[in-house]
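Protein chains in written order, with numbering that gives the first Met the number 0: chain L, 0 to 196; chain D, 0 to 196.
Only one structure is covered here, and it is reproduced in the block below.
Number of protein chains: 2
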Amino acid sequence: MAKATDGDGTPVPQRLLAAATRLFAERGYDRTSVQEIVEAAGVTKGALYHYFGSKEDLLQEVYARVLRLQQERLDAFADAEAPVERRLRDAAADVVVTTIENLDDASIFFRSMHHLSPEKNKQVRIERRRYHERFRALIEEGQRAGVFSVATPADLVVDYHFGSVHHLSTWYSPDGPLSQQEVADHLADLLLRALRP
Amino acid sequence: MAKATDGDGTPVPQRLLAAATRLFAERGYDRTSVQEIVEAAGVTKGALYHYFGSKEDLLQEVYARVLRLQQERLDAFADAEAPVERRLRDAAADVVVTTIENLDDASIFFRSMHHLSPEKNKQVRIERRRYHERFRALIEEGQRAGVFSVATPADLVVDYHFGSVHHLSTWYSPDGPLSQQEVADHLADLLLRALRP
DNA sequence: CCCGGCAGACTAACCAGTCGGTATGTGATC
DNA sequence: GATCACATACCGACTGGTTAGTCTGCCGGG
Chain L
0 MAKATDGDGT
10 PVPQRLLAAA
20 TRLFAERGYD
30 RTSVQEIVEA
40 AGVTKGALYH
50 YFGSKEDLLQ
60 EVYARVLRLQ
70 QERLDAFADA
80 EAPVERRLRD
90 AAADVVVTTI
100 ENLDDASIFF
110 RSMHHLSPEK
120 NKQVRIERRR
130 YHERFRALIE
140 EGQRAGVFSV
150 ATPADLVVDY
160 HFGSVHHLST
170 WYSPDGPLSQ
180 QEVADHLADL
190 LLRALRP
Chain D
0 MAKATDGDGT
10 PVPQRLLAAA
20 TRLFAERGYD
30 RTSVQEIVEA
40 AGVTKGALYH
50 YFGSKEDLLQ
60 EVYARVLRLQ
70 QERLDAFADA
80 EAPVERRLRD
90 AAADVVVTTI
100 ENLDDASIFF
110 RSMHHLSPEK
120 NKQVRIERRR
130 YHERFRALIE
140 EGQRAGVFSV
150 ATPADLVVDY
160 HFGSVHHLST
170 WYSPDGPLSQ
180 QEVADHLADL
190 LLRALRP
């Protein structure tokens with residue numbers, strides 16, 4: 000079999016995905032040409048279209064990766080053995096940390112989702128909805144248990160928190176005064192304080 | 000003088016701006032061709048390039064309009080005669096309402112800002128920063144007065160709130176269960192509750 | 001000898017911006 | 001009040017450049 004890795008040790012599909020992620024985040028999906036991606040990955044168009052059906056498939060793959068990762072982590076935190084306040088706090092802080100750790104994916108996610116074809120967009124929305132639901136269920140559990148205020152509908156609270164997460168890619172910089180963990184703690188704090196009965 | 004309005008009563012530059020706003024929000028800046036804009040406005044390219052220097056100028060004009068509007072409104076609320084809690088609450092709720100009222104502009108703003116050339120981008124950032132500062136000053140005033148918690152840096156609180164505002168264009172629908180005012184009240188509530196000492 | 005894994009030239013489409021042209025209004029001059 | 005000069009407001013064909021995706025073919029291992 001011909002080599003799938005070349006000079007670098009990592010396989011070509013992953014190199015392409017990594018290059019695409021960086022470039023999409025840097026200049027945006029439409030402003031990144033397929034030619035630039037393959038050059039950054041050290042291959043040619045032939046290689047890209049051998050592994051991916053289209054430029055859009057590349058974008059979708061970035062989404063799928065992020066979604067899988069975040070859903071896994073949320074499930075782990077939500078299903079842990081601990082009081083609801085604790086589980087929500089941990090989940091809320093964790094999504095901040097992992098978002099900051101993958102800021103490129105995050106900015107692609109929020110800026111380029113509408114570039115997907117209707118069907119693929121629908122698919123992504125469905126998965127995102129599942130994530131949203133799980134988070135909401137946590138809040139509703141706390142509301143039923145009386146530890147969270149019921150003044151605001153749980154749905155809106157979820158959107159409130161994820162708005163701030165979404166927003167991270169706009170302002171967070173690793174060179175800023177706050178570390179990832181500090182930001183995560185603060186944002187989780189704000190959420191829980193807003194939910195105090 | 001030749002007509003600047005034609006069949007429709009509104010002047011051509013405004014028709015162009017309105018068409019561009021709708022299309023940019025619908026398909027994104029890069030996916031909207033100049034040809035589509037002029038067709039939607041019922042004119043031709045000659046007219047567009049007569050009034051605007053480039054496609055990018057059109058985008059910048061959309062920004063400038065939103066920024067002016069929001070800054071004016073914030074200033075009015077922030078400088079009012081009332082306790083800080085009240086002024087912050089009113090300002091926080093108002094930005095939600097005006098954002099929902101101009102959802103097209105909002106989604107363009109947050110999705111297409113990086114399509115501007117570096118200089119124009121810088122200009123927009125400067126104006127946005129001024130807005131941010133004014134909002135932050137309100138929170139700090141409340142913190143000094145002891146009516147807001149100092150647990151979270153004011154900067155972060157501002158980003159927290161504007162994250163949720165930013166996010167509105169992703170999920171809010173006028174056909175949903177909540178009216179503009181209800182959403183605004185809830186989000187302002189969440190902010191103030193998070194700030195309770 | 002066959003097939004996965006690629007190279008790279010090629011194509012068909014598209015698009016921002018230009019440019020020469022037309023039509024209508026306005027102000028000055030005689 | 002007729003003529004001329006000039007400006008504003010637009011039209012639409014054209015250009016130069018870019019781009020996603022295709023296709024033919026080479027190359028090396030099983």
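C-beta: ideal position from N, C-alpha, C; glycine also.
Status (buried if at least 16 other CB within 10 Å, exposed otherwise) for residue i
i        : result
D/HIS49  : exposed
D/ALA91  : buried
L/ARG67  : exposed
L/ARG110 : buried
D/ARG14  : buried
L/ALA136 : exposed
L/GLY45  : exposed
D/ASP158 : buried
L/GLY27  : buried
D/THR43  : exposed
D/ARG127 : buried
D/ASP78  : exposed
D/ILE36  : buried
L/THR9   : exposed
D/GLY162 : buried
Secondary structure of residue i, DSSP reduced to three states
i        : result
D/SER163 : helix
L/ASP74  : helix
D/ARG195 : coil
D/ASP89  : helix
D/PRO10  : coil
L/VAL95  : helix
D/THR169 : helix
D/GLU80  : coil
L/GLY141 : helix
L/THR43  : coil
D/ASN120 : helix
L/ALA150 : coil
D/PHE134 : helix
D/LEU177 : coil
D/VAL111 : In the sequence under discussion, the amino acid at residue 111 of chain D is Ser, which differs from the Val named in the question. D/SER111: helix per DSSP, three-state reduction.
D/ARG30  : coil
D/VAL51  : Residue identity check: residue 51 of chain D is Phe in the sequence provided, not Val. Reduced to three states, the DSSP call for D/PHE51 is coil.
L/LEU189 : helix
D/ASP184 : helix
Min CB distance residue i to chain D below 8 Å
i        : result
L/THR151 : yes
L/ALA193 : yes
L/THR4   : For L/THR4, the predicted model reports a pLDDT of 48, less than 50, meaning its position is unreliable; a value from the coordinates is still stated below. L/THR4 does not count as touching chain D.
L/ASP215 : With chain L covering 0 to 196 only, the question about residue 215 of chain L has no answer from this structure.
L/HIS113 : yes
L/LEU58  : no
L/LEU155 : yes
L/LEU186 : yes
L/ARG110 : yes
L/GLY141 : no
L/GLY145 : no
L/HIS49  : no
L/GLY27  : yes
Within-8 Å CB hit, residue i to chain L
i        : result
D/ARG30  : yes
D/SER163 : yes
D/LEU189 : yes
Cβ-heavy atom distance, residue i to the ligand GDP, below 7 Å
i        : result
L/HIS185 : The model depicted lacks the ligand GDP and carries no ligand whatsoever.
| query | Hey, is the region 168-183 of chain L in contact with the region 140-157 of chain L, meaning 3+ C-beta pairs nearer than 8 Å? | reply | Judged by Cβ distances under 8 Å, the region 168-183 of chain L makes no contact with the region 140-157 of chain L, as fewer than three pairs qualify.
| Does the pairing of the region 85-103 of chain D with the region 174-194 of chain D give three or more beta-carbon distances under 8 Å? | Contact between the region 85-103 of chain D and the region 174-194 of chain D is present: 3 or more CB-CB pairs across the two stretches fall below 8 Å.
| Cβ contact check for the region 16-36 of chain L and the region 97-112 of chain L: 3 or more pairs under 8 Å | Output reads yes: the region 97-112 of chain L touches the region 16-36 of chain L.
| said: Quick check: the region 92-100 of chain L against the region 70-79 of chain L, are at least 3 beta-carbon pairs closer than 8 Å? | reply: Per the Cβ contact rule, the region 70-79 of chain L is in contact with the region 92-100 of chain L (3 or more Cβ pairs under 8 Å).
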